[in-house]
Amino acid sequence: MYGALWRLLPGPVWLRILLLVVLAAVVLYCLVTWVFPWVDSLLQSNEEGTVAV
Amino acid sequence: MTDEEESAREDWRLAETLPAQEDSEGASPQTRRGQRRHASGRHPSSGSKPRRKVSVVGVIGELLVTAGVLVLLFLGWQTWWQSAVLNAQQNSAAAEQSKKFLEHAKDAPKPTPTPVATPDGTKTVDYGPPPVMKAPGPAQPFAVIYVPRFGADWKRTIRETVDVESVLNSYNAGVGHYPNTAMPGDVGNFAIAAHDTGYGNTFLDVSKLQVGDAIYIQTKDGYYTYRFRNMEYVTPSAVQVLYSVPQVKDAQPGDRYITMTTCNPPYHAQERIAAFGVLESWQPLSAGPPKEIAAEVGGS
Chain A
366 MYGALWRLLP
376 GPVWLRILLL
386 VVLAAVVLYC
396 LVTWVFPWVD
406 SLLQSNEEGT
416 VAV
Chain B
-1 MTDEEESARE
9 DWRLAETLPA
19 QEDSEGASPQ
29 TRRGQRRHAS
39 GRHPSSGSKP
49 RRKVSVVGVI
59 GELLVTAGVL
69 VLLFLGWQTW
79 WQSAVLNAQQ
89 NSAAAEQSKK
99 FLEHAKDAPK
109 PTPTPVATPD
119 GTKTVDYGPP
129 PVMKAPGPAQ
139 PFAVIYVPRF
149 GADWKRTIRE
159 TVDVESVLNS
169 YNAGVGHYPN
179 TAMPGDVGNF
189 AIAAHDTGYG
199 NTFLDVSKLQ
209 VGDAIYIQTK
219 DGYYTYRFRN
229 MEYVTPSAVQ
239 VLYSVPQVKD
249 AQPGDRYITM
259 TTCNPPYHAQ
269 ERIAAFGVLE
279 SWQPLSAGPP
289 KEIAAEVGGS
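Those sequence lines, one after another, are chains A and B.
Going by my numbering, the letters in the first sequence line up with residues 366 to 418, in that order.
Going by my numbering, the letters in the second sequence line up with residues -1 to 298, in that order.
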């Protein structure tokens, strides 16, 4: 999977590494902005009694 | 052996070893490019470049590792990143709320206090019985809480209800008021809740409160000064901490209590901490904030 990604990237090694870093940054940004808050909202539980905080 | 023969032989050998080489990250791209050109240029009939065998187990393994990394990232984000961000946001939102109260009370008439002598000889003033506001609608902000023990600049907006999504996790609130418990200044139990860890670490330091510590509540009417008295570690089902007289069923309250509940231990929710206090005094907004929080009120 990641091997295929590496082969798909163009250019010499330094460019591939640069592209990978950029890709990772984009993925991380999407995770923090949309995915994590969404997952977080799914994990809420509210028990009986005093509120679970 | 002619040059061409040798080159062809080399090509064949390279083509055969290519899959193995691609597995190792050390393979220089220079060599690989050369191999590819040779492979596709010289053997167009043999299916162009050699294909890497994709193993199902390998892909599943990579997916699982990825999933593990994502979970760790999520936990790290939730514990540190999001909490720090929310802490800052909730703090500045509380400052905004405080400014709004002051703005609205600008033209309010200034009540005249009655001077009273305290037992230790110092003079203080009395503004009479504290005003009690009506409970607002769900998720409506109605107060700002300051607890110097939690940090000199610590403050939070208090909203009606303890709804997790709209109050406790909110970037511009953090503290919730249990519905149907007393409002600030009221005789009875003003009960509030907040997270201990996560979502701004709002009540993380409740266990550090010391007897006599001030808990200031600012509303549109004034500043209510409560003093921390004691705390108890209870089970989640112990709703009796929210009674009008905390822990006493069906008692007629004669005092003005505050109860702060939060989870315990940090990062877990097996227990609750309930911290109790009593109202000491109140003063209208026009009289200015209590000395201890004067620097914080209306500031950022």
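Positions of the beta carbon are idealized from the N, C-alpha and C atoms, including for glycine.
Computed from a predicted structure; not experimentally measured.
For Y176/B, there is no enclosing alpha helix (DSSP H), as DSSP marks it with neither H nor E. For V114/B, the secondary structure class from DSSP, reduced to helix, strand or coil, is strand. Taking a cut-off of 8 Å on C-beta distances, the stretch 179 to 192 of chain B touches the stretch 251 to 259 of chain B, as three or more cross pairs fall below it. The DSSP assignment places complete beta strand (DSSP E) segments of no fewer than 3 residues inside the stretch 137 to 164 of chain B at 139 to 144, 153 to 158, in order along the chain. Burial is judged here by how many other beta carbons sit within 10 angstroms of a residue's own beta carbon; T260/B has at least 16 and is buried. P129/B is not a Cβ neighbour of D203/B, given a cutoff of 7 Å. The Cβ-Cβ distance between T155/B and V165/B does not fall below 7 Å. The residue among L68/B, T200/B, G126/B, S96/B with its C-alpha nearest the C-alpha of Y265/B is T200/B.
With respect to chain A, the C-beta atom of V130/B has no partner C-beta closer than 7 Å. According to the DSSP secondary-structure assignment, M229/B is paired through a beta bridge with A273/B. Chain order gives no chain A residues near L100/B, where near means a beta carbon separation below 8 Å; the closest approach is about 29 Å.
Inclusion of R381/A and L373/A in the CB contact set at 7 Å is not warranted, their separation being larger than that value. Interface criterion not met: the Cβ of E158/B is under 7 Å from no Cβ in chain A. Boundaries cannot be given for N199/B, as no alpha helix (DSSP H) includes it and DSSP labels it neither H nor E.
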